[in-house]
Amino acid sequence: MIQRFPILYITGDDDKYLHVDKHKEAFDELVADAPENAVTEYYVIERDFRISDQFSQKAWCLF
């Protein structure tokens, strides 16, 4: 039986603790302990979005 455990993080470019590089480190640790036949994928989707006319934020979705 195959089981999937998706993990999704959304981080911003101003995040002091949730930067995209830290999530890559955590992913690498999870993969190191994964079973041999585990299928692991890491994606980073970068997107600019406008919250208001004066403020724009860059965000990453990782899963």
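In the working numbering, the protein residues as written are 20 to 82. Idealized CB from N, CA, C, for every residue including glycine. Every value quoted in this text rests on a predicted model; they were computed, and no experiment measured them.
Is it right to say residue i is buried, meaning 16 or more other beta carbons lie within 10 angstroms of its own, or is it exposed?
i: A45; result: exposed
Helix, strand or coil, according to DSSP, for residue i in the structure here?
i: V39; result: helix
i: P50; result: The question names Pro, yet the displayed sequence has Val at residue 50. Reduced to three states, the DSSP call for V50 is helix.
Is the Cβ-Cβ distance between residue i and residue j less than 9 Å?
i: V63; j: A57; result: no
i: Y61; j: K41; result: no
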